[in-house]
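Participant: The sequence shown maps to residues 1046 to 1305 in my numbering. Every residue, glycine too, gets a C-beta built ideally from N, C-alpha and C.
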Amino acid sequence: MPNHQDRAIIITGAAGAIGFATAEILASQGARLMLVDITGDALEARGAELRATGATIETFRADCSKEEDVIGYVDATVAKFGRIDGFFNNAGVEGAIAPIHEYPIAEYDRIMSVNLRGVFLGLHYVLKQMVAQGKGAVVNTASIGSERGLAGGGPYNAAKHGVVGLTRTAGSDLGPLGIRVNCVEPGVIETPLLNEILVQMFKGGIEEGLRTLGRVATLDRCGKPAEVGHVVSFLLSDEASFVNGSAWPVDGGALSTIRH
Ligand SMILES: NC(=O)c1ccc[n+]([C@@H]2O[C@H](COP(=O)([O-])OP(=O)(O)OC[C@H]3O[C@@H](n4cnc5c(N)ncnc54)[C@H](O)[C@@H]3O)[C@@H](O)[C@H]2O)c1
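(1) For ligand 1, is there any heavy atom lying closer than 7 Å to the beta carbon of Asp1218?
(2) Do Gly1061 and ligand 1 come close, with the Cβ less than 7 Å from some heavy atom?
(3) Mapping the DSSP letters down to three states, classify Met1246 as helix, strand or coil.
(4) Who are Ile1234's beta bridge partners in DSSP?
(5) Identify every run of the beta strand (DSSP E) within the stretch 1065 to 1133, keeping only runs that are complete inside it and at least 3 residues long; order them along the chain.
(6) Taking DSSP's pairing of strands, which residues face Asn1202 in a bridge?
(7) Under the three-state reduction of DSSP, which class applies to Val1261: helix, strand or coil?
(8) Measuring only the C-alpha atoms, how far is Thr1122 from Gly1131?
(9) Hey, is the stretch 1198 to 1211 in contact with the stretch 1130 to 1146, meaning 3+ C-beta pairs nearer than 8 Å?
(10) Hey, out of Ser1282, Ser1291 and Asp1265, whose CA is closest to His1305's CA?
(11) Do you know how far the Cα of Gly1064 is from the Cα of Asp1108?
(12) Return yes when at least one heavy atom of ligand 1 lies under 7 Å from the C-beta of Asn1135, else no.
(13) How close, in whole Å, do the beta carbons of Leu1161 and Ala1204 come, if the pair is a contact with beta carbons under 8 Å?
(14) Expressed to the nearest angstrom, what Euclidean distance is found between the alpha-carbon atoms of Ala1053 and Pro1231?
(15) Could you name the residues of the same chain whose beta carbon sits closer than 7 Å to that of Gly1190, not counting the 5 residues immediately before and after it, in chain order?
(16) With a 10 Å radius around its C-beta and 16 neighbouring C-beta atoms as the bar for buried, classify His1049 as buried or exposed.
(17) To the nearest angstrom, how far is it from the Cα of Pro1047 to the Cα of His1146?
(18) What does a CB cutoff of less than 7 Å around Ala1060 pick up in its chain, not counting 5 residues either side in sequence?
(19) With 16 as the cutoff for other CB atoms within 10 Å, does Gly1220 come out buried or exposed?
(20) Looking at Cys1239 and ligand 1, is the gap between the Cβ and the nearest heavy atom below 7 Å?
(21) Between the C-alpha atoms of Gly1216 and Ala1076, what's the straight-line distance to the nearest angstrom?
(22) Express the C-alpha separation of Ile1056 and Thr1212 in angstroms, rounding to a whole number.
(23) With which residues is Ala1053 paired in a DSSP beta bridge?
(24) Between Asp1086 and ligand 1, is the CB less than 7 Å from at least one heavy atom?
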């Protein structure tokens, strides 16, 4: 099991399914966590839940697409913990499903601003701190949509392709300084965000959607948030010391095959 004893780690989108499942795993491995999310009440509830297990948890309400908020969570982490050892740059939104020629422009701007600008801003300010320390590890959240098209998901897919580009570039920039940057590419994971999409896409609702989407994976099912969290924990740990600039599918085999 990776050891994160006393490490200071920031998680964005921490009130959400994948962010919180990862927080539970990292806290159980000894990390001190700064949980960041745009939703205040859910964030506080999640923070209290983890604190009750004895973990060291701070919370910071922030909109990751706003520069002043990103500076805020980075500064708050350094003020509380003195350093940033790990960063799970994970906040994201799904958005409307529509073909490109009908896609609302304002919705395009919203998706890109959270899913790409927010990831860039987090990298920019956290990496400054890690460079000053001379050490650190980052995991961004991309998607299997980073590797394939998905009808109706143009801006989401474009942003997630961009996350892989930022990951590879940041890995190239910072690797020589001893700082590693990787990303995970979750496949179909059972979360509220996925349920939102299923309601839009499947007349039969969430259950039919989960059965249908589960079939894209060779494991024939959807994944669980903790199955992403364990890979994130590994990539943030010293056990992954020779892994940099890489994109890790956590998708039950979906990208490995053409199902027929
Ligand atoms: N669920 C899936 O199947 C799946 C698949 C591939 C990739 N992903 C990615 O995983 C990440 C986590 O998603 P999830 O499935 O846990 O969904 P989720 O909706 O449960 O969690 C996302 C969290 O991000 C927060 N957030 C949204 N906008 C924000 C902003 N501007 N600033 C700060 N926080 C913000 C939300 O409040 C929420 O708590 C996202 O980047 C998503 O794109 C999810």
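Facilitator: Taking the geometry as given:
(1) no
(2) yes
(3) helix
(4) Gly1268
(5) 1077 to 1082 and 1102 to 1106
(6) Asn1202 is not bridged to any residue.
(7) coil
(8) 11 Å
(9) The answer is yes - the stretch 1130 to 1146 touches the stretch 1198 to 1211, with three or more Cβ pairs under 8 Å.
(10) Asp1265
(11) In a straight line, the C-alpha of Asp1108 is about 15 Å away from that of Gly1064.
(12) yes
(13) 4 Å
(14) 24 Å
(15) Gly1198, Tyr1201, Asn1202 and Lys1205
(16) buried
(17) Roughly 46 Å between the two C-alpha positions.
(18) Asp1082, Thr1084, Ala1087, Leu1088 and Arg1091, listed in sequence order.
(19) exposed
(20) Sequence check: residue 1239 is Leu here, not Cys. It does: the Cβ of Leu1239 is within 7 Å (strictly closer) of some heavy atom of ligand 1.
(21) 23 Å
(22) 16 Å
(23) DSSP, once it has assigned bridges, lists Arg1077 as partnering Ala1053.
(24) no
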